[in-house]
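Input: a single structure, listed below in structure tokens.
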Amino acid sequence: MSTRGFTGRRPGADAARRLPPGQQQTQDFPVLSLGPAPAINLDAWRFTLRHGSRPLASWNWFEFNALPRTRWHGDIHCVTTWSKFGTDWEGVTLDDLLAAAGVQAPTSFLLAQSYDDYDTNVPLADLAGGRALIATHFGGEPLTPEHGGPARLLVPHLYFWKSAKWIKGLKFTERDEAGFWELRGYHMRGDPWREQRYSDDD
Amino acid sequence: MSERDGNWRTAVIARIAALTPRMRSYFLHAPLAGHVAGQYLDVRLTAPDGYQARRSYSIASRPGAAELELAIALQDDGEVSAWFHEVAQPGDTIDVRGPLGGHFIWEPPHAAPVLLVAGGSGIVPLVSIARAWQAAPAAPMLLLHSARTPEALAFQPELAGIAAADPRFTYVAVSTRAGTGRRIDAAMLDKALGHWGHLPALCYLCGPTAFVEAVAQLLVARGVAHRAIRTERFG
Ligand SMILES: Cc1cc2nc3c(=O)[nH]c(=O)nc-3n(C[C@H](O)[C@H](O)[C@H](O)COP(=O)(O)OP(=O)(O)OC[C@H]3O[C@@H](n4cnc5c(N)ncnc54)[C@H](O)[C@@H]3O)c2cc1C
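Chains A and B, in that order, give the protein sequences.
Residue numbering for the first sequence follows UniProt numbering, beginning at 1 and increasing consecutively.
Residue numbering for the second sequence follows UniProt numbering, beginning at 1 and increasing consecutively.
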């Protein structure tokens, strides 16, 4: 049933095609996080791949920046209903991290872990095959702290809370373990095109 | 839209009250589960052709209150807020779902001092927290509200009343463009925290992104732990 007197401001045809259900286009880059940006010193920064508690490989900032780099261009979608079109990112894929570490993915599930103690679960299938980056650059510039710098996860085909800011590592887990927002009612996968916002969405 | 309809429920706007020149309260009757102070609802409006717009609005009412209160600021050309301000009347129905949000929440009893800081309409979830506190006052609570003008300080009489009735609740309101001309800067925060005499164990910051980020960094610089600071950003 329609809302009395509401006509709405429709997106143009291009935007309508690019917007997942319930989303609206923004020109800004809004910020969603649970607290303030942590202060991260690049000299102390490390990125660690783990299987459970066991480290598989670890890179300092200098080593990390020597890894093969990948660029991604496209639209991103936040669960708070904004979508931003045509964003540019650069970073390192999980595939390149695994290759550099000389290991195969030991399980099918991962938890992204951050310097602010945030974590979020992402299946291997959503990270591998070049579908995700550990991003260090946005729009050609180093990532700013409020947007997750020095490095954040970028999983552009899922709602943006999966793209953990201030990332410090990826941990392979035996099961799909809920992360911070997933424990607080958000969906385990978070596909914007299927509108998987909250845990009781399909 | 899809066949399934999430958990959307029909809410009736029971009454509307002016808070400030650009902010109004909308009191809803809605078949939703009870909320915790700090949570929000998703609101959805539908055009005759099926087009829908959706926004999130914090809940201002005290947990357990009979009516759910949303307090919505008018944004120039805002798709949803302008409908609320220019069209909505008591008796109108809207779709809502929630309550949502599991981090920016406060529940009594809470033994340690709590700091609340709001910029503009970011006061809304903090009003719910203040009201929940009033129903079960415990540890000291300090609420700082910054708005552009004195008239824009929504909920001021009520919040001042809570403070007048109980010395454990402190309320400091500042306006940036008129009157006192103060913004929440390091000096003002130091002064307010100094008068209060407590180090907050938990902080809730809500408002525009830049405001929230600036206040968070001021608190971190004063020695408040990152994990003691909870933020909600309105855009
Ligand atoms: C968790 C949460 C809680 C919230 N709680 C509250 C609350 O309690 N009270 C409250 O008032 N708000 C709250 N908000 C903000 C609210 O969800 C909306 O963002 C707000 O009401 C604006 O929506 P709108 O549809 O009116 O404006 P929009 O149509 O989204 O526009 C926002 C602004 O952008 C401008 N704009 C939009 N599109 C264009 C365009 N194409 N070109 C140029 N300019 C444009 C508009 O002029 C307007 O100023 C909350 C947000 C979140 C995420």
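Beta carbons: idealized from backbone N, C-alpha and C, even for Gly.
Nearest-angstrom Cα distance between P145/A and W166/A?
Counted from its first residue, the first sequence places residue 145/A at position 145. Counted from its first residue, the first sequence places residue 166/A at position 166. Looking at the two C-alpha atoms, the distance is approximately 8 angstroms.
Less than 7 angstroms separating the beta-carbons of T46/B and T3/A?
Along the second sequence, read from residue 1 onward, the residue named residue 46/B stands at position 46. Along the first sequence, read from residue 1 onward, the residue named residue 3/A stands at position 3. Closer than 7 angstroms, so yes.
For E86/B, which of helix, strand or coil comes out of DSSP?
Mapped onto the second sequence, residue 86/B falls at position 86. Helix, per DSSP.
Helix, strand or coil for W161/A? Go by DSSP, reduced to three states.
The residue you call residue 161/A lines up with position 161 of the first sequence. Assignment of W161/A by DSSP, reduced to helix, strand and coil, places it in the helix class.
Sequence-distant residues of its chain with Cβ nearer than 7 angstroms to G34/B (five each side left out)
Counting from 1 along the second sequence, the entry for residue 34/B is found at position 34. These residues qualify, in order along the chain: P63 and G64.
Mind checking whether the beta-carbon of G22/A lies closer than 6 angstroms to any heavy atom of ligand 2?
Ligands in the displayed structure: ligand 1; ligand 2 is not one of them.
First and last residue of the uninterrupted beta strand (DSSP E) at G161/B:
Taking the second sequence and counting its residues from 1, one reaches residue 161/B at position 161. For G161/B, no beta strand (DSSP E) run applies; the uninterrupted alpha helix (DSSP H) run containing it begins and ends at Q156 to A165, by DSSP.
Cβ-based contacts, 9 angstroms cut-off: residues of the segment 128-139 of chain A near chain B:
Within the segment 128-139 of chain A, no residue qualifies.
Look up W82/A in the DSSP assignment and give the residues it is bridged to.
Translated into the one-based positions of the first sequence, residue 82/A becomes position 82. Note: W82/A sits in a beta bridge opposite Q24/A.
P99/B in three-state terms, based on DSSP:
The sequence position of residue 99/B within the second sequence is 99, counting from 1. It is a strand residue.
Is any beta-carbon of chain B found at less than 7 angstroms from that of E182/A?
Here residue 182/A refers to the residue found at position 182 when the first sequence is read from its first residue. False, the Cβ-Cβ gap to chain B never drops below 7 angstroms.
Residues of chain A with a CB under 7 angstroms from the CB of Y51/B: which are they?
Here residue 51/B is taken as the residue at index 51 of the second sequence, counted from 1. Proximity of chain A to Y51/B at the Cβ level (cut-off 7 angstroms) is accounted for by G8 and R10, in chain order.
With DSSP run on the structure shown, which of helix, strand or coil describes W45/A?
Looking up residue 45/A in the first sequence gives position 45. W45/A: coil per DSSP, three-state reduction.
Once you ignore the five residues that flank E3/B on each side, which residues in its own chain have a CB closer than 8 angstroms to its CB?
The residue given as residue 3/B occupies position 3 in the second sequence. Reliability of the predicted coordinates at E3/B is poor, the pLDDT of 40 falling under 50, and the value obtained from them is presented with this limitation in mind. Contacts found: none.
Considering only C-alpha positions, which residue in the set G22/A, T7/A and L32/A is nearest to W193/A?
Here residue 193/A refers to the residue found at position 193 of the first sequence. Ranking the options by Cα distance to W193/A, first place goes to G22/A.
Proximity test, Cβ basis, 7 angstroms: L158/A and chain B:
On the first sequence, position 158 is the one that residue 158/A refers to. L158/A has a beta carbon lying at 7 angstroms or more from every beta carbon in chain B.
Span of the alpha helix (DSSP H) holding H195/B?
On the second sequence, position 195 is the one that residue 195/B refers to. Unbroken alpha helix (DSSP H) run through H195/B: A186 to W196.
Tell me the DSSP secondary structure of W133/B in three-state form.
Residue 133/B sits at position 133 when you count from the first residue of the second sequence. Of the three classes helix, strand and coil, the one that applies to W133/B here is helix, per DSSP.
Considering only C-alpha positions, which residue in the set G129/A, P38/A and D96/A is nearest to A225/B?
Position 225 of the second sequence, counted from the start, is the residue given in the question as residue 225/B. With distances taken between Cα atoms, A225/B lies closest to P38/A.
Consider the Cβ of A216/B: report whether some Cβ of chain A lies at a distance smaller than 7 angstroms.
Taking the second sequence and counting its residues from 1, one reaches residue 216/B at position 216. Closer than 7 angstroms to some Cβ of chain A, the Cβ of A216/B qualifies, so yes.
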